[in-house]
Ligand code: M6R
């Protein structure tokens with residue numbers, strides 16, 4: 004989704020920093036970008052459609068110390084320069100960048116039009132500088148005008164605004180993230196995500212919903228938008244470093260993050276026993292435990308259902324976060340909602356949490372991003388310690404989420420130590436598996452199937468959610484039509500889709516369901532399917548065998564990894580950029 008960057012302070016290279024900061028937010032997904040900076044008493048604006056990667060900020064502007072910038076992921080209006088942010092008022096004295104959706108924008112736009120305002124874009128965002136302009140007619144104070152403007156919004160937003168007559172940046176949020184970074188020698192950054200300024204500072208303050216911040220680069224004032232009351236905020240040191248957020252020698256973030264799994268699964272297991280046992284108790288004592296998340300994180304939840312059922316004999320219910328509110332009737336104050344999210348900012352998940360909280364239920368989150376909205380709004384949080392995940396396709400976050408959910412299941416069954424042992428052995432097996440020869444082998448398979456129109460994946464038990472996850476990975480980066488099915492369901496319909504040569508990936512373990520899934524693989528083969536087995540043991544049903552370690556209860560963790568590599572190689576073989584998948588954004592902050 005859109006990215007925001009803002010800076011005010013003693014540095015003179017603000018535009019260059021903004022361009023670099025926006026490049027660090029590229030992973031969020033965008034289709035156009037822009038910056039506005041103050042020089043003398045004027046606002047200069049530069050906007051473009053397409054990618055910012057090749058732009059050198061130095062060539063855009065000379066010395067300047069105040070800038071705002073934006074990467075846009077189109078919602079209202081197409082991908083055009085006019086629709087790109089920053090947006091301006093008529094006399095170009097106010098510039099604004101905006102994330103989110105102003106739901107009542109049509110009504111506000113009509114009101115402004117009636118007053119003579121002319122709009123140059125189709126966006127909801129363009130009304131914001133015009134509304135601030137109107138407010139400035141009755142209050143001379145820029146920050147106050149922004150506050151009054153925000154009070155008129157319905158919907159989720161994060162905005163950053165500047166004015167030619169003010170030395171400050173004004174930022175406000177409700178529903179979309181904004182984080183403030185404070186540099187040691189003076190100067191403040193404001194961004195939608197920390198990688199935008201990690202190179203300069205790791206000292207942050209998080210704006211909460213309904214809060215605004217005003218900074219001139221020397222000090223900052225955070226206040227409540229509705230009441231104007233000052234809010235005192237803790238400064239927090241974030242653990243991630245700028246280097247961790249880079250791709251280093253790898254060609255893409257996706258493959259870097261797949262390879263990171265050699266260490267990240269072990270880091271996910273590094274949880275305090277006491278904390279895991281407390282959370283296991285919370286699940287044990289809850290009257291109804293629900294699991295929820297979106298996309299890949301949702302697939303981790305579905306696998307979690309199997310872990311809790313098979314390892315801990317505990318019944319939990321899963322619903323995708325976007326559907327969760329429809330189950331509100333089952334929530335009670337003693338219920339527990341476990342949400343899973345890499346970014347900690349997914350709007351549908353935040354909504355599910357709101358629904359649970361309204362019923363008085365407690366929320367446990369399993370997140371990657373420290374200080375994210377979900378992290379801060381939860382009653383309990385477990386972090387998966389995956390380090391920054393920048394590729395849109397989630398890989399190491401998934402295996403971290405699976406590891407934490409499996410550990411919780413072991414803890415519920417009284418075996419935290421056993422759970423850690425299993426998972427650390429799995430982490431070592433992943434390290435051995437992800438060797439260069441293995442990747443070359445997967446690349447060869449990708450070359451062989453790259454022109455396929457369709458691809459199907461089957462799994463049983465905890466490999467069923469991994470089959471659906473495999474489909475997500477292949478769809479998003481290679482754009483091949485891929486679908487994941489419960490193996491036993493094939494004969495009830497999906498088998499009708501298989502033609503001569505259709506690639507079918509079979510995810511298996513060495514557990515008691517192996518004979519069933521092999522029998523399903525044979526049924527696919529009999530209809531012409533080209534069978535790619537992902538399994539610790541070979542079988543004559545497989546046309547190609549991708550060997551994985553025998554990981555017992557952790558089998559879904561090792562089975563999904565070669566499919567992640569295969570999806571990556573399929574994207575490359577089809578000429579796609581796996582880090583910039585079509586139509587997708589890393590962090591989905593709209594509903
Ligand atoms: O940040 P989250 O884990 O909450 O994101 C949820 C989904 O948007 C995400 O997993 C998405 O499905 C991935 N791009 C898939 O690779």
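Residue numbers (our numbering): 4 to 594. In this text, a Cβ means the ideal position worked out from N, Cα and C, and glycines have one as well. Since this is a predicted model, take the numbers as computed values, not measurements.
With DSSP collapsed to three states, give me the class of residue 170.
The answer is coil: DSSP assigns residue 170 none of H, G, I, E or B.
Under 6 Å from any heavy atom of the ligand M6R, does the C-beta of residue 349 make it?
For the ligand M6R, a non-hydrogen atom lies closer than 6 Å to the CB of residue 349.
Span of the alpha helix (DSSP H) holding residue 437?
Residue 437 -> no alpha helix (DSSP H), and no H or E assigned at all.
How is the beta strand (DSSP E) around residue 21 delimited, first residue to last?
First-last for residue 21: 17-27, but that is the alpha helix (DSSP H), not the beta strand (DSSP E).
Taking 6 Å as the cut-off, is the C-beta of residue 505 nearer than that to any heavy atom in the ligand M6R?
Checking every heavy atom of the ligand M6R against the Cβ of residue 505, none is found closer than 6 Å.
Length at least 4, wholly inside the stretch 383-464: the alpha helix (DSSP H) runs in chain order:
The qualifying runs are 399-415, 419-436 and 439-452.
Cβ distance (whole Å) where residue 426 is taken to contact residue 406 below 8 Å:
Contact flag correct, Cβ pair sits at about 5 Å.
Are there any heavy atoms of the ligand M6R lying less than 6 Å away from the beta-carbon of residue 397, as far as the coordinates show?
True, at least one ligand heavy atom lies under 6 Å from that Cβ.
What number of angstroms, rounded off, separates the C-alpha of residue 571 from the C-alpha of residue 584?
Rounded to the nearest whole angstrom, the C-alpha separation of residue 571 and residue 584 is 11 Å.
At 4 residues or longer, and completely inside the stretch 318-365: list those alpha helix (DSSP H) runs for me, N to C.
Counting only runs of 4+ residues, the alpha helix (DSSP H) found wholly inside the stretch 318-365 occupies 350-361, in chain order.
Inspect the beta-carbon positions of residue 204 and residue 186 and report whether they are closer than 7 Å.
Contact flag set, yes.
Short Cβ contact (7 Å threshold) for residue 40 with residue 55
No. Outside cutoff.
Give me the residue from 157, 310, 22 and 238 with the minimum Cα distance to residue 464.
Checked all of 157, 310, 22 and 238; the closest Cα to residue 464 is 310.
Would you call the stretch 363-376 and the stretch 239-249 in contact, with 3 or more CB pairs under 8 Å?
As far as the Cβ criterion goes, the stretch 363-376 touches the stretch 239-249, which means the pair count is three or higher.
Given a cut-off of 7 Å on the beta-carbon distance, is the pair residue 87 and residue 50 in contact?
Result yes, Cβ atoms of residue 87 and residue 50 sit closer than 7 Å.
How do the stretch 422-442 and the stretch 557-568 stand: do at least 3 beta-carbon pairs fall below 8 Å, yes or no?
They touch, by the three-pair rule.
Between residue 107 and the rest of its own chain, which residues show a CB-CB distance below 6 Å, the 5 nearest in sequence each way excluded?
Excluding residues within five positions, the ones whose Cβ falls inside 6 Å are 157.
Neighbourhood of residue 287 by C-beta distance below 7 Å, restricted to the same chain and skipping five residues each side:
For residue 287, where only same-chain residues beyond five positions count, the Cβ hits under 7 Å are 415.
Check whether the Cβ atoms of residue 380 and residue 356 sit closer than 7 Å, and answer yes or no.
Note that the C-beta distance between residue 380 and residue 356 is below 7 Å.
Three-state class that DSSP yields for residue 206 in the structure shown:
Correct three-state label for residue 206: strand.
Please indicate yes or no: does the CB of residue 591 lie closer than 6 Å to some heavy atom of the ligand M6R?
Residue 591 Cβ: within cutoff of the ligand M6R.
Does the beta-carbon of residue 102 have 16 or more other beta-carbons within 10 angstroms, so that it is buried, or is it exposed?
Around the beta carbon of residue 102, 16 or more other beta carbons lie within 10 angstroms, which makes this residue buried.
Between which two residues does the alpha helix (DSSP H) harbouring residue 298 extend?
Start and end: 298-313.
Residue 479 by DSSP, collapsed to three states: which one?
Residue state, collapsed to three classes: helix.
Within the continuous beta strand (DSSP E) that includes residue 11, where are the two ends?
Note, residue 11: beta strand (DSSP E), 6-11.
With 16 as the cutoff for other CB atoms within 10 Å, does residue 127 come out buried or exposed?
Residue 127 comes out buried.
Using a Cβ-Cβ cutoff of less than 6 Å, which residues in the same chain neighbour residue 301 once the five nearest sequence positions on both sides are dropped?
Closer than 6 Å at the Cβ level, and outside the excluded window around residue 301, lie 323.
Using 7 Å as the threshold, is the C-beta distance between residue 72 and residue 8 below it?
For residue 72 and residue 8, yes; Cβs fall inside 7 Å.
Check this for me: beta carbons of residue 382 and residue 347, under 7 Å apart or not?
The answer is no: Cβ separation not under 7 Å.
If you measure from the CB of residue 298, is any heavy atom of the ligand M6R nearer than 6 Å?
For residue 298, the shortest C-beta to heavy atom distance toward the ligand M6R is below 6 Å.
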